[in-house]
Structures are given as C-alpha cells and as structure tokens.
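**Student:** Got a structure for you, questions after.
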Amino acid sequence: MSYTGFLGNTRVSKEVREFYELKQKAAEYYRASGIVQNLEDALNKMFYDKPEDMCGYLSNYFAKLSQPPVISRLLGREVYDGMGQLSVQVDVYCTVKNEEKRVCTAAISSHCEPPDVAFPEAYACDDVRRSEAVRTALQWIGEPLTELLKDHQPDEQDRLDDLLSNFFTVQFAEEQERLQKKKEQRSEEAPPAESPAKPAVPSSGKKEKAASGKAKKGNISEKPIPPAEPQEPVLQGSVAVGSVSLAVAKAAATLRSIPLYQHIASLKHPQQPASELNIPLPMITVISCGKLSPGKLNLMKEVIAIPAPGLTFKQGFQMIRQLQAQMTKQLDAASKAGPASKPQSHLGSMVLSFDRMEQPLDLVMEAAKALELTVGKDIHLAVNCAAHELVDYQKGKYEIANGTAKNPDEMVDVLVDLLNRYPAVIALIDPLRREDKEQWTSLYTAVQSKCYLFAEGTSKSIGFLLAEPDQIMSQASGLVLRHTNETTISDLIHMTTKLKDRNQIHVLGTADGEPCDDSLSDLAVGLGARFVKLGGLCRGERVTKYGRLLSIEEELARQGALGLCTEHKFPEHFEEVDESQPSAS
C-alpha cells in the first residue's frame, strides 16, 4: 500500500498514523545527513575486518567522521605562582563529539615582578596592583574573550591570536585615552605652583647607605649619561591574553594527541616539519650575589653554569647538580660554624655574600676542579649583570659594588678585563643599560668573537619589538625572551623567526614570579631556542621545567628524532636587515 493510501485508510488509528509519519521523517533526516551510507560502509568494512570489539571498531570508525572540536568557553581562576603571589590560570573547555570537556589548563608569568627596593610599602603597592591586574584578567577571560573565541577550532592559532591581539589593542587604546583625559582634568583643576625640589631617591638597602659616605670625596666632572627611556606601560589584565593564547595551543596539541613542543614546531615550520629537534642548552643559575645579596658585590645577579655542547640534556643537568653539591660542600668546609643551610633566592639558587667579582667565579672553578671537570671545556659560565638595576642616576654611574662606581666607559673596561681573565665566561646578560648604545657597541666589538651579549631586562617587550623592529638591539648577540603579558604564541614564533633572519640568537627565559606550568620547556624546544634560562635547581616552579625537558629528551630519543646542540658560534656583527622583505622561514 502506498504512503498516501495508508494515510487514507480510515481503519488506521491516529497513533499508528503519527508513528508512521515520524518514521518517514526520521528516514528522510538520516538520508539527508548521509549517515545511512556511512553505516553501510562501516558495516561492510567491519564484516571483512571481523574485529573482536565491534563497538570499539565502530567508535573509531565514526570518530574520524565527527566534526572537529570547537572552543565552548574559557574559565579563569586565581592561582599563586612560585613566590606565593596572585596570578591567573586559564582552563579551556571544548565541545568534543557533542560533549563539553575541559581540555587543558595553562598559566604564564605575571607582569608584576618583585620591586627592587626592599620596603614593606613597596611590596604592599605591588600586591594592590597585582590584585587589580588579576581581577581585570579574570573579567576579560570570563566574558569578552570567551565570546571572542567561542565556536572556533583550537588549531586556528594564527586566527585566534589575531583576535586576541586586536582585543588587546582596543583595550590599550581605551586605557590610554582614559589616562589622558584624567591627566588633562587634573591639570585644569590644579592651581599653579612653584617647581618642587627634587625628592631624594630612597635607599634600597644597607649597601647604598654604606656607599654614600665614600661618595662625598671630591667632585669630579663626569660625562652625563643618557637619561633612562620611559618604561613601557603595562595594561592591567594583559596577562589574560598571553595565558589564553598558550591555553589554545595546549588545547590543540591535546586534541591532536601530540606533545605541545611538536605542535609548536609545526606552527613555526608548517611547510617543512623538522626531522630532528634539539633540547636547548640549559643556563642554570648556581649563585645569586646581586644587588640584594648581603655582600658588597652588586654586579653579578646570577652566576650561571652551562654544560658543553654535545652532551645530552640529562648528562649536562646531572653535571651541574654535582657541581652545585660540590660548591655547597666547599662552603661548609670553609665555614667556621660548620654545615648550615644556604638561603635560596626566588631564582632557585644559593644567595652568597661576596665582595669581589673574582670570588664567585673562583668558587665555581674550584668546585669543577674537585670534580675533575675542565671549566671552559666541560662547563662554561655566564653572568647576568642586570646592570640596569645598578645605576645611580645622581652620580651617572653603575654601583658595581659597595663603594665602587663606574661610568659606562669604565664599565666596558671592567667587563672586558673580566672576560680576559676568565675565558670560560661565554655570555653576559644585560651588561649595560639599553640607553648606553655607544658602550654596547664598544663591548660587542671587543668580545664578539668569544662571548655572547644578551639583552633581557634591558630589551623592550616582544610586542613592541614586532611593531618597531628598528628597536631590536643590534649590538646584542641575541635576546632572552619571556612569555608574559599580552605576548601570544604567534608573537613568539614571529619574534624568533625575525631574530634568526638578523643572525641573532633567542633564549627562552623565565620571569621572577614564575608559575608551576611547565609549558615553557615545550616552547623552548618547539621554537628551536639555543639556550633556555630557567633559574637554579631549587624551587618547584623551576625544577618542574627541568623535569619536563628531561622527559622531552627521552621521548625524542625513543623516536630517533633527538638532535644535539652544535659547538658555540658567536654571531659576527651584521648589517641591519631589510624588514620589508618576507622571512625565508
């Protein structure tokens, strides 16, 4: 009987008629969707394969035909970083096969780092700013950023990073406009007043107080140093942008069932996937003896040990651990009070008291000798000078030690002499202020054949350098890059590519307030960093990143895809590149 005849039959009940109509609608729905043909194909294929687990077979078959996962929402949460300071974590939820699932979690360093001055009021101010920044970041993540990324696939990294960067640009412009109006309003309301006397610069500790007495000896005319460049404004809540970008990358890697480092490498080299990946050489901080340490010496914020190229990461890591243990043993032996616990810095290394630059380097070399290691062959050294933190602008000099101040030209002489006496030192980080360009050039010319000069704290932010490439320090061998604030994964990829085009090296580094997220290790491998600077071998937020690098090395070795770092090659001075030309990579 035909469908029309069936419906016209008065003997058919209403319920049967409605059921028949429903069946017809279902059949048409399945035919239109193609599921009937897919089922037929699956059943035919399964008949020939004859799997033991039929349901599992069908599940795998149709999983390949399902729609790709899309972002359903973002969830921001308050967490605490390795220093116990408030920070932000992002959870990414995706719709996967019609179900919402939490796919991954990510966190990056907050932009609010510890103040250089050890005053309670300074830390209180920092806590207030940090709380406001975290609150703004959580608002952004919960509402506008969720709506912005909703229904997008996580593997659309470039597209999503563009959306995030555009959002940040709008927020930044609105904030600058608000601040400008506020400034104009204050200017109109404030009565004219005489220029106030310049306030005294507060001392940051006992070193400066002790040094002030010696500063009164005579008044020798010094060449004025260039004034400090204005600090880059940091938009409260900007950490939301970088955190979400990282979370999106982690979500894409998770959904592809591949490690994050492999996903990042595929984003950087989409046309030519790398057959081998290298584990970066670790720059491991073994001593902190900078401005806030108890001794007179200011110049060496970090003394860093670097295993020689050619070793596996595990071999180099174990070597530095033994070196650290030997140093502790020697310090205990030399102490009249006997063995005692050594204070640890937020960088995860021992804080020691020294008066002269030679002392921390000699300690490392003596420990290496006791282990029958050759410094300069088995282990190299680096020094983070953090010179921009040592400037006394009233004197126009660097306070490299209590009672010892050097102008920029003298600073170059000090560093060149240090490298001549300690040839095992192959890298200086932030040896001068950014503004002392002439001295950067002099230092680079003097040591370029034997020592890397890296800019870290003296460099501009990644976003600024991508917008203004001419601001990249051409006098430096490379930059220490930090994933903070509004920096997206795409920004990191573009920055590392640009540095390679300029024959400069990129180092992936941590900030002072570091989260326990170990993604930075994956980024360093995927981006092809020459070095990775994670701090010392203490503190969980740093050790977890070293542990992740050990795991990555094991994975690559099992796959036969592990490369080894080549011998050190110090970049020769180069001409400025034409930024208008497209990158070769």
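Residues in the sequence shown are numbered from 26 upward in steps of one, following the numbering used here. Here a beta-carbon is modelled for each residue, glycine too, at the ideal position from N, C-alpha and C.
(1) Can Val550 be considered in contact with the ligand ZN, in the sense that its beta carbon sits closer than 7 Å to one or more heavy atoms?
(2) Look at the Cβ atom of Gln529, then the Cβ atom of Pro456, and state whether they are nearer than 8 Å.
(3) Can you list, in chain order, the residues of its chain with a C-beta nearer than 7 Å to that of Asn123? Leave out the 5 residues immediately preceding and following it.
(4) Count the CB pairs spanning the segment 315–325 and the segment 399–412 that are closer than 8 Å, and state whether there are at least three.
(5) Which same chain residues, not among the five before or five after Lys39, have their C-beta less than 6 Å away from its C-beta?
(6) Measure the Cβ-Cβ separation of Leu260 and Phe197 and say whether it is below 8 Å.
(7) Taking Ser313 and Ser370 to be in contact with their CB atoms under 8 Å, please state how far apart those CB atoms are, rounded to whole angstroms.
(8) Can you tell which of Gln256, Gln62, Arg458 has its C-alpha closest to the C-alpha of Phe489?
(9) In the DSSP assignment, the alpha helix (DSSP H) including Leu517 goes from what residue to what residue?
(10) Rounded to whole angstroms, how far is the Cβ of Val311 from the Cβ of Val389, which I believe are closer than 8 Å?
(11) Determine the extent of the alpha helix (DSSP H) in which Ser190 is found, giving its start and end residues.
(12) Comparing alpha-carbon positions, which option in Ile309, Thr353, Ser378 lies nearest Lys570?
(13) Considering only their Cβ atoms, is the gap separating Val95 from Val273 smaller than 8 Å?
(14) Given a cut-off of 8 Å, decide if Val505 and Lys558 are closer than it, judged by their beta-carbon atoms.
(15) Using a Cβ distance threshold of 8 Å, determine whether the segment 285–294 contacts the segment 544–554, with at least three qualifying pairs required.
(16) Could you tell me if Asn85 is buried or exposed, where buried requires 16 or more neighbouring beta carbons within 10 angstroms of its beta carbon?
(17) Please name the residue or residues paired with Thr429 in a DSSP beta bridge.
(18) Helix, strand or coil: which one does DSSP assign to Leu562?
(19) Classify Arg42: buried if its beta carbon has 16 or more other beta carbons within 10 angstroms, exposed otherwise.
(20) Output the distance between the C-alpha atoms of Pro251 and Ser190, rounded to the nearest integer angstrom.
(21) Please tell me whether Ser300 and Val113 are closer than 8 Å, where the distance is taken between their beta carbons.
(22) For Pro298, collect the residues of the same chain with a Cβ closer than 8 Å to its Cβ; drop the 5 residues on either side in sequence, then sort them by chain order.
(23) On the DSSP letters alone, give me the boundaries of the beta strand (DSSP E) that Tyr418 sits inside.
(24) Could you give the C-beta distance for Pro433 and Asp387, rounded to a whole number, given that I count them as a contact under 8 Å?
(25) Pair every Cβ in the segment 482–497 with every Cβ in the segment 506–521, then say whether three or more of these pairs are closer than 8 Å.
(26) Thinking just about the alpha-carbon of each residue, which of Ala158, Val153, Leu188, Arg155 is nearest to the one in Pro169?
(27) Is the distance from the Cβ of Phe342 to the Cβ of Leu581 below 8 Å?
**Tutor:** Based on what the coordinates show:
(1) Absent from the structure shown: the ligand ZN. Ligands present: none.
(2) The residue labelled residue 529 in the question sits at position 504 within the sequence shown. The residue labelled residue 456 in the question sits at position 431 within the sequence shown. No, they are not a contact pair.
(3) Counting from one through the sequence shown, the residue named residue 123 turns up at place 98. Answer for Asn123: no residue qualifies.
(4) Touching, yes.
(5) Reading the sequence shown from its first residue, position 14 is the one you call residue 39. Correct list: empty, nothing qualifies.
(6) Position 235 of the sequence shown, counted from the start, is the residue given in the question as residue 260. Position 172 of the sequence shown, counted from the start, is the residue given in the question as residue 197. Cβ distance < 8 Å, so Leu260 and Phe197 count as in contact.
(7) Along the sequence shown, one-based indexing puts residue 313 at 288. Along the sequence shown, one-based indexing puts residue 370 at 345. Their Cβ separation, rounded to whole angstroms, is 4 Å, which keeps Ser313 and Ser370 in contact under 8 Å.
(8) Along the sequence shown, one-based indexing puts residue 489 at 464. Comparing alpha carbon positions, the residue from Gln256, Gln62, Arg458 closest to Phe489 is Gln256.
(9) Indexing the sequence shown from 1 puts residue 517 at position 492. Run containing Leu517: 514–526, per the alpha helix (DSSP H) assignment.
(10) On the sequence shown, residue 311 is found 286 positions in, with the first residue counted as 1. On the sequence shown, residue 389 is found 364 positions in, with the first residue counted as 1. Confirmed, about 6 Å.
(11) Position 165 of the sequence shown, counted from the first residue, corresponds to residue 190. Per DSSP, Ser190 belongs to the alpha helix (DSSP H) from 182–214.
(12) Locating residue 570 in the sequence shown gives position 545, where the first residue counts as 1. Closest option to Lys570, Cα to Cα, is Ile309.
(13) Along the sequence shown, read from residue 1 onward, the residue named residue 273 stands at position 248. Along the sequence shown, read from residue 1 onward, the residue named residue 95 stands at position 70. Not closer than 8 Å, so no.
(14) Numbered from 1 along the sequence shown, position 533 holds the residue referred to as residue 558. Numbered from 1 along the sequence shown, position 480 holds the residue referred to as residue 505. Cβ atoms of Lys558 and Val505: closer than 8 Å.
(15) Verdict: yes, contact present.
(16) On the sequence shown, residue 85 is found 60 positions in, with the first residue counted as 1. Under a 10 Å Cβ-count criterion, Asn85 is classified as exposed, with fewer than 16 other Cβ atoms of the shown protein chains found around its own Cβ.
(17) Position 404 of the sequence shown, counted from the start, is the residue given in the question as residue 429. Per DSSP, Ala426.
(18) To locate residue 562, count along the sequence shown from 1; it is residue 537. DSSP places Leu562 in the coil class of the three-state scheme, outside both helix and strand.
(19) To locate residue 42, count along the sequence shown from 1; it is residue 17. Counting the other CB atoms within 10 Å of its CB gives Arg42 a total below 16, which places it among the exposed residues.
(20) By 1-based counting over the sequence shown, the position of residue 251 is 226. By 1-based counting over the sequence shown, the position of residue 190 is 165. So the alpha carbons of these two residues sit roughly 33 Å apart.
(21) Locating residue 300 in the sequence shown gives position 275, where the first residue counts as 1. Locating residue 113 in the sequence shown gives position 88, where the first residue counts as 1. Cβ atoms of Ser300 and Val113: not closer than 8 Å.
(22) Along the sequence shown, read from residue 1 onward, the residue named residue 298 stands at position 273. Sequence-distant partners of Pro298 (beyond 5 residues in either direction) whose C-beta falls short of 8 Å from its own C-beta, in its chain, are Ala290, Ser291.
(23) The sequence position of residue 418 within the sequence shown is 393, counting from 1. For Tyr418, there is no enclosing beta strand (DSSP E), as DSSP marks it with neither H nor E.
(24) The residue labelled residue 433 in the question sits at position 408 within the sequence shown. The residue labelled residue 387 in the question sits at position 362 within the sequence shown. At roughly 27 Å, the Cβ-Cβ gap does not stay under 8 Å, so Pro433 and Asp387 are not in contact.
(25) In short, these stretches touch, since the Cβ pair count reaches three.
(26) As a working mapping, residue 169 is identified with position 144 in the sequence shown. Nearest option by C-alpha distance: Leu188.
(27) Taking the first residue of the sequence shown as 1, we reach residue 342 at position 317. Taking the first residue of the sequence shown as 1, we reach residue 581 at position 556. No. Outside cutoff.
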